[in-house]
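Reviewing the structure listed below.
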Amino acid sequence: MKTVKLGNSSLHSTPLVYGCMRISGDNSSDARKRGKEAILAAYEAGYNHFDHADIYGGGLCEELFAEAMKDLAITRESILLTSKCGIRFKDTPSPGLPARYDFTKSYILECVEGSLKRLNTDYLDLFLLHRPDYLFDPDETADALQELVSSGKVRHCGVSNFKPSQLSLLQSRCELPLIVNQVEINIHNVDALMDGTLDQCQERGITPQAWCPIGGVAYPAWGNTFTPEDEARIEAEFDRQAEKYGVENWIVMLAWILRHPSGIVPIVGSTTPERIRAARQSLEINYEREDWYQLLEARNGEPVP
Ligand SMILES: NC(=O)c1ccc[n+]([C@@H]2O[C@H](COP(=O)([O-])OP(=O)(O)OC[C@H]3O[C@@H](n4cnc5c(N)ncnc54)[C@H](OP(=O)(O)O)[C@@H]3O)[C@@H](O)[C@H]2O)c1
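End of the sequence shown sits at 305 in full-length UniProt numbering; the numbers just go up one at a time, nothing left out.
And the structure:
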């Protein structure tokens with residue numbers, strides 16, 4: 001796969017990232033074996049960038065990935081590793097505590113240490129703040145990011161699920177550039193197109209990444225509000241385009257995301273080797289503007305005004 005530059009950084013990522021959220025499955029030995037096979041398939045298919053978070057599998061995904069790197073002789077320099085933090089689950093670290101977000105400096109530094117240990121590495125290529133902490137102090141959070149970069153534990157920083165105003169606020173206090181905003185983009189959730197997120201990315205030279213890119217095509221999207229009629233109409237349009245381009249419906253969805261001029265990098269989360277390989281077909285499609293709008297129209301149930 002060719003590579004794309006992430007933001008204005010020196011990081012060169014493949015235009016599809018492999019997402020490691022599902023690799024530990026139920027942590028049975030079968031699931032772990034399947035997870036390692038998925039990592040191998042992604043690596044051999046040319047993905048050079050692997051997306052993690054401290055919470056994926058409660059830390060097991062990062063650990064399994066480190067184990068797979070060792071078993072498969074994947075060298076650290078040959079790949080980019082992203083991880084994230086900031087989401088704290090209910091009852092952690094002690095019973096009775098609510099689910100919350102936490103961008104305090106001490107928590108961020110502690111989390112990155114945990115990810116480095118589980119991933120068995122000295123540095124992350126990219127560190128993302130997972131979901132905006134409503135109570136964050138931008139100076140304190142910026143200070144944490146700066147310290148991580150100065151210490152060499154993190155090469156570059158970015159955010160995830162940030163609205164444009166939240167990104168602007170943090171960037172206003174942060175000398176180092178935020179190079180990525182990782183947001184949900186799929187046929188159900190196109191908020192990033194409409195709320196200024198992708199415009200801001202283009203304006204500032206930030207790379208948008210799309211999580212759950214095929215939600216609503218291959219499996220129900222989070223918070224799905226489509227009616228059965230909506231779904232039938234959308235599926236019919238996917239079917240038409242899939243036949244036209246000679247690919248499966250979910251590949252059309254990836255092509256739709258890739259067509260946007262902000263340079264969105266989809267994160268592929270399948271654990272099936274054939275699908276991990278097949279996702280690359282989306283990069284070869286010469287996807288037409290008219291089809292892009294036709295799918296948007298099918299999704300919206302009406303033409304653009
Ligand atoms: N920043 C955030 O807040 C955030 C949130 C969620 C996820 N993420 C990141 O985004 C990555 C991708 O998310 P995702 O895993 O939801 O991505 P996805 O690629 O949209 O979905 C993958 C899921 O779809 C299934 N699937 C794929 N193709 C299918 C098909 N043709 N038919 C039926 N099922 C199919 C896969 O099953 P199989 O495994 O069986 O193939 C897998 O369960 C994650 O790994 C994580 O790194 C970030």
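Every residue, glycine too, gets a C-beta built ideally from N, C-alpha and C.
Under the DSSP assignment, residue 276 falls in the alpha helix (DSSP H) whose first and last residues are 273 to 278. Boundaries for residue 125: no alpha helix (DSSP H) harbours it, while the beta strand (DSSP E) harbouring it runs 124 to 129, taken from the DSSP string. Residue pairing by DSSP places residue 181 opposite 159 and 208 in a beta bridge.
By a beta-carbon distance limit of 8 angstroms, residue 36 contacts residue 71. Their separation comes to about 7 angstroms.
Judged by DSSP in its simplified three-state form, residue 18 adopts strand. Note that the C-beta distance between residue 295 and residue 237 is below 7 angstroms. Sequence-distant Cβ neighbours of residue 292 in its own chain, meaning closer than 7 angstroms and more than five residues away, are 256 and 259.
For residue 39, there is no enclosing beta strand (DSSP E); the residue is found in the alpha helix (DSSP H) stretching over 29 to 44.
Taking 6 angstroms as the cut-off, one finds no heavy atom of ligand 1 near enough to the beta carbon of residue 10. With contacts defined as CB atoms closer than 7 angstroms, residue 119 and residue 156 fail to qualify as a contacting pair. Around the Cβ of residue 9, a 10 Å sphere holds 16 or more other Cβ atoms; the residue is buried. Using a Cβ distance threshold of 7 angstroms, residue 49 and residue 20 do not count as a contacting pair.
Secondary structure of residue 141 (DSSP, three-state): helix. Under the three-pair Cβ rule at 8 angstroms, the region 58 to 66 does not count as touching the region 272 to 288. In the three-state reduction of the DSSP assignment, residue 115 falls in the helix class, which pools H, G and I.
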